[in-house]
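Engineer: Just passing along the structure, written as structure tokens.
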Amino acid sequence: MGARIIDGKESARQVKAEVAELVAGLQYRPGLATVLVGDDPASHTYVKGKRSDAEEVGIRSTHHELPGDVPQADLEMLIDQLNSNDEVDGILVQLPLPGGLDSERVVARIDPAKDVDGLHPYNMGLLVLGRPGLRPCTPSGVMRMLEDNDVVVAGRTAVVIGRSFLVGRPLALMMASKGVDATVTMAHSRTPQLAEVARDADILVAAVGVPRLVTAEFIKPGAAVVDVGINRVEDGLAGDVDFDSVREIAGSITPVPGGVGPMTRAMLLANTLKAAKARRGA
Ligand code: GUN
Numbered sequence: 345m346g347a348r349i350i351d352g353k354e355s356a357r358q359v360k361a362e363v364a365e366l367v368a369g370l371q372y373r374p375g376l377a378t379v380l381v382g383d384d385p386a387s388h389t390y391v392k393g394k395r396s397d398a399e400e401v402g403i404r405s406t407h408h409e410l411p412g413d414v415p416q417a418d419l420e421m422l423i424d425q426l427n428s429n430d431e432v433d434g435i436l437v438q439l440p441l442p443g444g445l446d447s448e449r450v451v452a453r454i455d456p457a458k459d460v461d462g463l464h465p466y467n468m469g470l471l472v473l474g475r476p477g478l479r480p481c482t483p484s485g486v487m488r489m490l491e492d493n494d495v496v497v498a499g500r501t502a503v504v505i506g507r508s509f510l511v512g513r514p515l516a517l518m519m520a521s522k523g524v525d526a527t528v529t530m531a532h533s534r535t536p537q538l539a540e541v542a543r544d545a546d547i548l549v550a551a552v553g554v555p556r557l558v559t560a561e562f563i564k565p566g567a568a569v570v571d572v573g574i575n576r577v578e579d580g581l582a583g584d585v586d587f588d589s590v591r592e593i594a595g596s597i598t599p600v601p602g603g604v605g606p607m608t609r610a611m612l613l614a615n616t617l618k619a620a621k622a623r624r625g626a
């Protein structure tokens with residue numbers, strides 16, 4: 345018996361169809377500005393995908409590329425220009441930025457109303473407070489996938505392995521929030537007896553960036569397993585979950601690729617629409 349596969353591509357298709365329909369009903373085209381610094385091939389691929397998704401659903405994307413040695417002040421000046429450009433509803437600065445640039449300062453420079461990545465300290469603060477706001481794309485995508493696949497979260501035990509500001513930390517907060525109501529443990533690479541802690545989880549999320557760290561011994565039989573990892577390894581891409589051994593024990597599991605990745609991209613579109621409607625009042 346193998347676990348049910350949670351199909352991120354299908355959920356992403358649904359989110360995109362919903363966004364496209366809503367965008368078609370607007371009197372304007374929402375605008376997404378993407379900012380790419382340096383020549384990291386993976387970042388180029390990600391941004392290209394995000395831009396083509398945007399066009400697909402009727403969001404106008406404008407792209408800004410800067411050399412890896414751009415001075416911090418120039419990058420911040422571009423952010424200022426995008427902040428004051430009325431046609432721009434969302435600003436996405438692809439991370440990580442090349443060494444020498446202070447990404448925290450760059451993200452904090454983005455107008456929180458245009459922060460479609462949900463990474464600005466103001467939006468993070470709203471999340472901590474349980475107030476509405478723009479939420480980070482990957483955790484939002486995980487929540488939506490669980491919902492689409494009828495994975496019950498309320499009253500269940502969730503373990504999130506990873507405490508990054510992009511994924512683990514916000515996801516743990518979202519799962520523990522009022523109305524979602526999981527009981528959450530945020531574990532990480534330094535958690536003692538990690539497998540034992542993980543084995544408590546009805547819902548196990550791996551977002552730690554260690555290829556195939558999560559093996560069968562981490563899994564409570566029947567658990568839902570969400571693999572956020574995208575790690576480059578010798579034989580291609582690997583998630584944080586050892587898919588082949590874990591699928592024998594889990595109740596459901598997200599694959600890599602085709603799991604969380606497509607959802608991150610789809611939720612960026614949903615956030616851009618949300619930001620546009622909030623900014624423009626309809
Ligand atoms: N790099 C990896 N994931 C993300 C993301 O969700 N947003 C941005 N801006 N950069 C990333």
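Residue numbering for the sequence shown follows this note's numbering, starting at 345 and increasing by one per position.
Using N, Cα and C, we set each Cβ at its ideal position, and we do this for glycine too.
By alpha-carbon positions, which one of Val572, Arg624, Ser533, Asn615 ends up nearest to Gly602?
Structural biologist: Val572
Engineer: By Cβ distance, which residues of its chain are closer than 6 Å to Arg348, with the 5 residues on each side in sequence left out?
Structural biologist: Ser596
Engineer: Just to confirm, is the Cβ distance from Ser484 to Met611 under 8 Å?
Structural biologist: yes
Engineer: Helix or strand or just coil, what does DSSP make of Ser302?
Structural biologist: Past the boundaries of the shown model lies residue 302; the chain is included only from 345 to 626, so the question cannot be answered.
Engineer: Using DSSP's beta-bridge definition, name the partner residues of Thr527.
Structural biologist: Thr501
Engineer: Should Arg373 and Arg395 be called a contact, given that it needs their Cβ atoms to be closer than 8 Å?
Structural biologist: no
Engineer: Any chance the stretch 583–591 sits against the stretch 555–566, with 3 or more Cβ pairs inside 8 Å?
Structural biologist: yes
Engineer: If we count the other Cβ atoms within 10 Å of its Cβ and call it buried at 16 or more, is Gly506 buried or exposed?
Structural biologist: buried
Engineer: Between which two residues does the beta strand (DSSP E) carrying Asp351 extend?
Structural biologist: No beta strand (DSSP E) contains Asp351, which DSSP labels as neither H nor E.
Engineer: Rank Arg534, Gly523, Val570 by C-alpha distance to the C-alpha of Ala545 and give the top, closest one.
Structural biologist: Val570
Engineer: Kindly indicate the opening and closing residues of the beta strand (DSSP E) around Arg576.
Structural biologist: 575–577
Engineer: Who are the near neighbours of Leu441 in its chain, counting only those whose CB is closer than 6 Å to its CB and skipping five residues on each side?
Structural biologist: Val381, Ser447
Engineer: What is the residue span of the beta strand (DSSP E) that Leu380 lies within?
Structural biologist: Per DSSP, the continuous beta strand (DSSP E) segment holding Leu380 begins and ends at 375–381.
Engineer: Is Leu471 near ligand 1, with its Cβ less than 7 Å from a heavy atom?
Structural biologist: no
Engineer: Restricting to Cα atoms, I'd like to know which of Arg543, Val541, His532 is closest to Gly661.
Structural biologist: Outside the displayed span of the chain (345 to 626) sits residue 661, for which this structure offers no information.
Engineer: Considering only residues of the same chain and omitting the five flanking positions on each side of Ala516, which have a CB-CB separation below 6 Å?
Structural biologist: Val504, Val528, Met530
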